[in-house]
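Colleague: Sequence lines, in order, name chains A and B. Note that our numbering has the first sequence beginning at 845, numbered continuously upward. Note that our numbering has the second sequence beginning at 845, numbered continuously upward. Quick reminder that beta carbons are idealized off the backbone N, C-alpha and C, glycines included. Following this message is one structure expressed as structure tokens.
There are 2 protein chains.
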Amino acid sequence: MTGIIRAQYEIHGDDVDARARALAVELSHELPTELAPERSHVSLAHVVDRRQNANGVGVVTIEFPELLAGGELPQLLVLLLGNGSLNEGVRLIDVDLPDSLGAAIGGPQLGVAGVRRILNTPERPLLATAIKPVGLEADGLAALAHEFALGGIDLIKDDQGLANQVWAPFEERVEKCAAAVARANELTGGRSRYLAAINTTADRFDERVRFAVDAGAGGVLVMPGISGFDALRRARDLLPDDGVVLSHPSFLGGFTSSPTHGIAPDALLGLLSRLAGADVVVYPHAGGRFGWSVEQCRSIGQFARRPFAGLLPTLPAPGGGMTLERVPELVELYGPDVVLLVGADLQRGGDARRASEAFAAAARAAIGG
Amino acid sequence: MTGIIRAQYEIHGDDVDARARALAVELSHELPTELAPERSHVSLAHVVDRRQNANGVGVVTIEFPELLAGGELPQLLVLLLGNGSLNEGVRLIDVDLPDSLGAAIGGPQLGVAGVRRILNTPERPLLATAIKPVGLEADGLAALAHEFALGGIDLIKDDQGLANQVWAPFEERVEKCAAAVARANELTGGRSRYLAAINTTADRFDERVRFAVDAGAGGVLVMPGISGFDALRRARDLLPDDGVVLSHPSFLGGFTSSPTHGIAPDALLGLLSRLAGADVVVYPHAGGRFGWSVEQCRSIGQFARRPFAGLLPTLPAPGGGMTLERVPELVELYGPDVVLLVGADLQRGGDARRASEAFAAAARAAIGG
């Protein structure tokens, strides 16, 4: 219990040393150090390293006593960037945690190998899609889910915009979609899973996860930007041990969009979502509807699967406007341990099952299978 | 139930019209409109206005059918900026909701008048401070709280960095601090309130709010950036009807720091925190430890108290490095309906009670009292 939390920050602009020292205070004591000198050796964070990156930007390492986190993810986030998020020019770029804190928070319960095991898919890239749009009735969404499962999609998720609207109320939708995927599995012998979007109020969150499990959903989609990062962990703990937790980046873009501020996407999505329990982390891949770079996306995939706090690795799920044509490029970039997320493109031809089959064939072909 | 949600966005960069239309789709259907034409009149969002602001930046208004929100705050956030947060150059600057949706989510239970009533302070600016630093034992924090209450501070809150660390475990700290403030009130006849920071995991959130209430806390501090905006609403619903909900901006800076992206601070803090239930909204005032402008801060105060969705107004609480010398300037800027938040400056002279008395005197003097 005397471990150290290490975080790296880019400090853009002038006065890097002074601003880094102020940041260490802001993220721990939040009180001028001269007012609490006797606490500084036990509960104050300290700048322990300062260098420049290739672009001349100051990069500092701050160490926090592990005890500051109190063993809980929310307080860890307060340490890593709480008030510091309000400081211009401060960008969190990397985190290293003691295994003890990793174990306390827990990370993914399935990870890459676990998801492959439950899907009985040891080698090829995994396939995901979303049922949408909002406004479609539950029967229509379930029919889509059925076609996707018949076509061989592994993870069929609610679109993030599906909550509890009148057109497809949560309970009706989840029951019908889970049943539709189960019927398809009976026909195909496959193991497709329906993942229910849990986007609801804090007091209804647990009951909706439980409802989804009871209805036969194979996991859930959680939006940490909306529900808080700890909602991923909470969903994980409510799921059975073969339940998949998928993290969706909705409402997280505030952090990721400035090159000089916030949290680098690889640290946010590859480390923090994983720490919180995501087996699969969705993000917008380069060249889709969003403006992220290939390098940024590649790095998310690396952070999601590199050694980190003793946690299982997380599957990157690049999406946001991907098409079948891009499958070879994505597999080349990420390797086979990836969830390929293709949404609208599977609905484009009017035959979701055939499009899904083509998607599956493209994924097998991409690894020479 | 056929109301309209209206949101305004700045669209920075080129191709404003096309990007605005794409944004409306992204925030509702998230599917090319040609794939679901029959849904477009019931569940698709639409761009209804487009103009330029004084800086030549495109400003668009998007209308969403109220039914898309499903009556829940988390889904409303998905509509307002969910995936759109990942789009460069998109900045949410204003929101207008039907009163029906305002009523469903609820907003502050006390508001400005309610907080004044429970504090028995009808006219002068209200006074707040924080007990800190983390690392101080519960007895030390309680002793500070006692001095602040004796000196006449209205709202004595845990610092946001106080969670459940070994030096001052949550239950011990909350019991001792609430008791210390109660003892001071008995001596002074005052109505100072201790607000407990609820920074914990999703599964412990409710029990900690309830514990704080049972221990005699007069309200709670919640960080929507950490726990999700709906945690404010949840806390409100768990508190008795005289319990104060204070919103703290920790981990929200990703949204606010870019002038071309995210959510404008007045909309984020003045409208969304208020909608979620904040009676008091804390933010870093200009000229403190953070770089916000006076104009930005003034606008937060205006948004917090302007007519909005039939909700009660919220008290702005400018903080982040304020000092007693700045009290006149703050009251001049915000008027008397403000919570003046001075933290470390009250500990600087080594006599927290005397500093608090000086703070109270400065607040009275600022309104000529």
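For Ile1211 (chain B), count neighbouring Cβ atoms within 10 angstroms of its own Cβ and tell me buried if that reaches 16, exposed if not.
Modeller: exposed
Colleague: Mind listing which residues of the region 977 to 1004 of chain B have their C-beta closer than 9 angstroms to chain A's C-betas, in chain order?
Modeller: Cβ contacts with chain A come from Pro977, Val978, Gly979, Leu980, Asp1003 and Gln1004.
Colleague: Measure the Cβ-Cβ separation of Glu870 (chain A) and Arg1170 (chain B) and say whether it is below 8 angstroms.
Modeller: no
Colleague: Would you check if the region 986 to 1000 of chain A and the region 881 to 893 of chain B touch, i.e. whether three or more CB-CB distances between them fall below 8 angstroms?
Modeller: no
Colleague: Could you check which residue in B:Leu1031, B:Arg1054 and B:Gly915 has the C-alpha nearest to that of Asp943 (chain B)?
Modeller: B:Gly915
Colleague: Less than 8 angstroms between the CB atoms is what I'm expecting for Ser1101 (chain B) and Val1066 (chain B), so what's the real figure, rounded?
Modeller: Not confirmed; about 21 angstroms, so no contact.
Colleague: What does Gln1009 (chain B) touch in chain A if you count any residue whose Cβ is under 7 angstroms from its own?
Modeller: Leu911, Leu912 and Gly914
Colleague: With 8 angstroms set as the bound, which would you pick, yes or no: does the beta-carbon of Arg1142 (chain A) sit closer than that to a beta-carbon of chain B?
Modeller: no
Colleague: Could you pull the start and end residues of the beta strand (DSSP E) that Asp893 (chain A) belongs to?
Modeller: Unbroken beta strand (DSSP E) run through Asp893 (chain A): His890 to Gln896.
Colleague: For Thr1044 (chain B), return the contacting residues in chain A, with the cut-off set at a CB-CB distance below 7 angstroms.
Modeller: Glu916 and Pro918
Colleague: What residue from B:Ile848, B:Gln896 and B:Leu1039 has the CA that sits closest to Ala1122 (chain B)'s CA?
Modeller: B:Leu1039
Colleague: Around the C-beta of Asn1043 (chain A), are 16 or more other C-beta atoms found within 10 angstroms, so that it is buried, or is it exposed?
Modeller: buried
Colleague: Who are the Cβ neighbours of Glu907 (chain A) in its own chain at under 6 angstroms, not counting the five residues just before and after it?
Modeller: Ile848, Arg850, His890 and Val892
Colleague: Along the beta strand (DSSP E) that carries Ser1071 (chain B), what are the first and last residues, could you check?
Modeller: Element bounds for Ser1071 (chain B): not the beta strand (DSSP E) but the alpha helix (DSSP H), Pro1068 to Ser1071.
Colleague: Within 8 angstroms (strictly less), CB to CB, does His1129 (chain B) reach chain A?
Modeller: no
Colleague: Which partner residues of Gly1145 (chain A) appear in the DSSP bridge assignment?
Modeller: The partner list for Gly1145 (chain A) (beta bridge, DSSP) is empty, contrary to what the question assumes.
Colleague: Would Asp998 (chain B) pass as a contact of Leu970 (chain B) if the rule is Cβ separation under 8 angstroms?
Modeller: yes
Colleague: Could you work out which residues of chain A lie near Glu870 (chain B), taking near to mean beta carbons separated by less than 8 angstroms?
Modeller: Ordered by position in chain A, the residues that pass the 8 angstroms Cβ test against Glu870 (chain B) are Arg1133.
Colleague: With three or more C-beta pairs closer than 8 angstroms as the rule, is the region 1077 to 1091 of chain B touching the region 944 to 958 of chain B?
Modeller: yes
Colleague: DSSP has Ser1091 (chain B) in a bridge; who is on the other side?
Modeller: Bridge partners of Ser1091 (chain B): B:Val1066 and B:Val1125.
Colleague: So which residues of chain A does Leu921 (chain B) contact, with C-beta pairs closer than 7 angstroms?
Modeller: Ile1070 and Phe1095
Colleague: Report the start-end ranges of each alpha helix (DSSP H) in the region 847 to 913 of chain A that is 4 residues or longer and not cut off at the edges.
Modeller: 860 to 870
Colleague: Around the C-beta of Pro1160 (chain B), are 16 or more other C-beta atoms found within 10 angstroms, so that it is buried, or is it exposed?
Modeller: buried
Colleague: Cβ of Val1186 (chain A) within 8 angstroms of Cβ of Met1166 (chain A)?
Modeller: yes
Colleague: Where do the N-terminal and C-terminal ends of the alpha helix (DSSP H) with Ile962 (chain B) fall, by residue?
Modeller: Gly955 to Leu963
Colleague: Report yes or no: do three or more beta-carbon pairs, one from the region 1066 to 1077 of chain A and one from the region 873 to 892 of chain A, lie closer than 8 angstroms?
Modeller: no
Colleague: Among the residues of its own chain, which have a CB less than 6 angstroms from the CB of Trp1136 (chain A), if the five just before and after it don't count?
Modeller: Pro1128 and Ala1130
Colleague: In the DSSP assignment, the alpha helix (DSSP H) including Ile1211 (chain A) goes from what residue to what residue?
Modeller: Counting along the chain, Ile1211 (chain A) falls outside any alpha helix (DSSP H), and DSSP gives it neither H nor E.
Colleague: Closest Cβ-Cβ distance between Phe1099 (chain A) and chain B: below 8 angstroms?
Modeller: yes
Colleague: With distances taken between CB atoms, is the gap from Arg1037 (chain A) to Gly995 (chain A) smaller than 8 angstroms?
Modeller: no
Colleague: Could you list which residues in chain B have their beta carbon closer than 9 angstroms to that of Pro876 (chain A), in chain order?
Modeller: Ala1188, Gln1191 and Arg1192
Colleague: So is Ile855 (chain A) in contact with chain C if we call contact Cβ pairs under 8 angstroms?
Modeller: No chain C appears in this structure, whose protein chains are A and B.
Colleague: So does the region 1005 to 1023 of chain A actually touch the region 1041 to 1056 of chain A, counting three or more Cβ pairs closer than 8 angstroms?
Modeller: Contact between the region 1005 to 1023 of chain A and the region 1041 to 1056 of chain A is present, because at least three Cβ pairs lie under 8 angstroms.
Colleague: Find the nearest neighbour of Ser1094 (chain A) within the set B:Gly1072, B:Leu1082 and B:Ala1108, judged by alpha-carbon distance.
Modeller: The residue with the shortest Cα to Cα distance from Ser1094 (chain A) is B:Gly1072.
Colleague: Could you check what DSSP says for Ile975 (chain A) in three-state terms: helix, strand or coil?
Modeller: strand
Colleague: Under the rule that 16 or more other beta-carbon atoms within 10 Å means buried, what is Val1057 (chain B), buried or exposed?
Modeller: buried
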